[in-house]
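Have a look at the structure below before the remarks.
In our numbering, the protein residues as written are 133 to 425.
Shown next, in the form of structure tokens:
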């Protein structure tokens, strides 16, 4: 059975942090009405936690918007996903940790109305963001489709994140973004590079104007851009991700040639990685197998 995942990626401006979730519920409902076959709806970084003002004012508003993962915002979003029967990635939110720390956290809700995964941004954009860094890579499974990995905005500038997610079996990396600066051009290159060198899909969803610089895109495991926003204006990208394409590309090679996950044999000696105080062990090189339907 083909492993197809119809998605909607909404390039839209953030909603103010103090706004009730009713407006967001209407937003998602309208998206699904226009695209009824969608299984996964994705919004940009900080979509529900938009703030404005000076740096100090923004940081104070983000602190005020923070909730624990078992707070009312999470419960409302879980109910929304369950009511609509869809996988929902509502954009990252400000999470209050048990020790008072502030995290930029991606959330994944199932069609059954459950929070099935959360990921704390490992690389906050310092010194501009007030978040504490997360310490764990996160992948999870969408039944009958495949394995998804989370990355948030500046994470994409660190190739270790995408490689680790791929090694954990990710077949799609969802990169939720709120880039407001001139380096979106470079992020487009990085999205394609991560797809190519890890042979997986990359969905990079940026915020729209007037806050974000837009130019969201979806990349397949060969590095081809299959959907792209031309500018910063609000737009909805749609695509049907073929997760079997990941298997084909890794088996037959990129452009029918390059099979990076088969580079090593068990007889090869480990390669030391002084930067990480670790090594590449050839016997552990291949990625984990994602479950098949």
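C-beta: ideal position from N, C-alpha, C; glycine also.
Note that the coordinates shown come from a computational prediction; the quantities given were computed from them, not determined experimentally.
If the five residues before and after residue 225 are omitted, its C-beta is found closer than 7 Å to the C-beta atoms of 180, 181, 205, 237, 239, all from its own chain and listed in chain order.
Residue 227 is classed as buried because its beta carbon has at least 16 other beta carbons within 10 Å across all chains shown. Here residue 289 is exposed, its C-beta having fewer than 16 other C-beta atoms within 10 Å.
Where residue 158 is concerned, the enclosing alpha helix (DSSP H) starts and stops at 154-166.
A distance of 9 Å or more separates the beta carbons of residue 291 and residue 143. Following the DSSP letters along the chain, one finds residue 333 inside the beta strand (DSSP E) bounded by residues 333-337.
Counting the other Cβ atoms within 10 Å of the Cβ of residue 305 gives 16 or more, which makes it buried. For residue 320, the uninterrupted alpha helix (DSSP H) segment begins and ends at 316-330. Under the DSSP assignment, residue 211 falls in the alpha helix (DSSP H) whose first and last residues are 204-216. Nearest in C-alpha terms to residue 390, of all of 283, 421, 354, 404, is 354. Between the segment 183-197 and the segment 147-167 there are three or more inter-stretch CB-CB distances shorter than 8 Å, so the stretches are counted as touching.
Proximity to residue 213 across 170, 233, 187 peaks at 170, based on C-alpha coordinates. Residue 352 holds the alpha-carbon nearest to the alpha-carbon of residue 374 among 231, 163, 352, 216. Beta-bridge annotation (DSSP): residue 360 is paired with 349.
Positions of the beta strand (DSSP E) runs, each at least 3 residues long and wholly inside the segment 250-324, are given as 271-274, 278-284, 304-308 in order along the chain. Burial is judged here by how many other beta carbons sit within 10 angstroms of a residue's own beta carbon; residue 384 has fewer than 16 and is exposed.
In the structure shown, residue 247 adopts extended strand secondary structure according to DSSP, grouped into three states. Collapsing the DSSP output to three states places residue 201 in coil. Distances from the CA of residue 229 to each of 256, 273, 246, 266 were compared; the closest alpha carbon is that of 266. Annotated three-state conformation of residue 340 is coil, per DSSP. Look at residue 188 here: in three-state DSSP terms it is helix.
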